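In the numbering used here, the protein residues as written are 546 to 712.
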């Protein structure tokens, strides 16, 4: 795994806490993510710039595990966005603009790809079905228009992070 320096770490989490969250979300997280989040729980990478389909984005911080009182809790974040997120998309990090970096289990249940979910154009699927007279499948296709490929694995995502080269 690429050597990423993390800052603003929260308390470490253990395997049992991660399994509890996996059970709540009905997923199994990739091993490389679990290894990272155990040590870097809630942290932000020092080099945070990420290219998403030719657009520069920022990796904010890892969502927190087993902290339901926090707005940055992974389950709380999922529950807040589940009506808008496409099926099989589970957020694990955010960006400063309110977008989410997620695991996409749609095609690879055991080894999800990493995607960037842009919230600006997103709409609850139920509303799309009612107001636009779309089927559930069509609403799901519209929801996926806000999902952009980032990497095949969590480790690859970390390798793609780079330093901000601002003005």
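Backbone N, C-alpha and C define an ideal beta-carbon position, used for all residues, glycine too.
Quick caveat: nothing in here was measured; it's all calculated off a predicted structure.
For residue i versus residue j, is the C-beta distance shorter than 7 Å?
| i | j | result |
| --- | --- | --- |
| residue 609 | residue 587 | yes |
| residue 639 | residue 651 | no |
| residue 551 | residue 590 | yes |
| residue 696 | residue 577 | no |
| residue 631 | residue 621 | no |
| residue 645 | residue 662 | yes |
| residue 566 | residue 583 | no |
| residue 603 | residue 657 | no |
| residue 611 | residue 562 | yes |
How would you write the range of the alpha helix (DSSP H) that residue i sits in, first residue to last?
| i | result |
| --- | --- |
| residue 620 | 619 to 626 |
Can you check DSSP and say which residues form a bridge with residue i?
| i | result |
| --- | --- |
| residue 707 | 594 |
| residue 600 | 597 |
| residue 615 | The partner list for residue 615 (beta bridge, DSSP) is empty, contrary to what the question assumes. |
| residue 636 | 647 |
| residue 584 | According to DSSP, residue 584 bridges with nothing at all. |
| residue 660 | 647, 694 |
| residue 552 | 589 |
| residue 607 | 638 |
Which stretch, first to last residue, makes up the beta strand (DSSP E) that contains residue i?
| i | result |
| --- | --- |
| residue 650 | First-last for residue 650: undefined, no H or E at that position. |
| residue 694 | 692 to 696 |
| residue 573 | No beta strand (DSSP E) holds residue 573; DSSP gives it neither H nor E. |
| residue 687 | Element bounds for residue 687: not the beta strand (DSSP E) but the alpha helix (DSSP H), 681 to 688. |
Of the residues the options, which one's Cα is nearest the Cα of residue i?
| i | options | result |
| --- | --- | --- |
| residue 715 | 621, 698, 688, 681 | The structure shown has nothing for residue 715, since the chain only spans 546 to 712. |
| residue 605 | 626, 624, 647, 583 | 647 |
| residue 548 | 569, 557, 593 | 593 |
| residue 571 | 681, 617, 655 | 655 |
| residue 671 | 561, 687, 659 | 687 |
| residue 709 | 607, 694, 595, 599 | 595 |
| residue 693 | 619, 636, 585, 659 | 659 |
| residue 618 | 628, 603, 602, 636 | 636 |
| residue 653 | 556, 564, 573 | 573 |
| residue 706 | 601, 675, 553, 690 | 601 |
| residue 684 | 703, 649, 628 | 628 |
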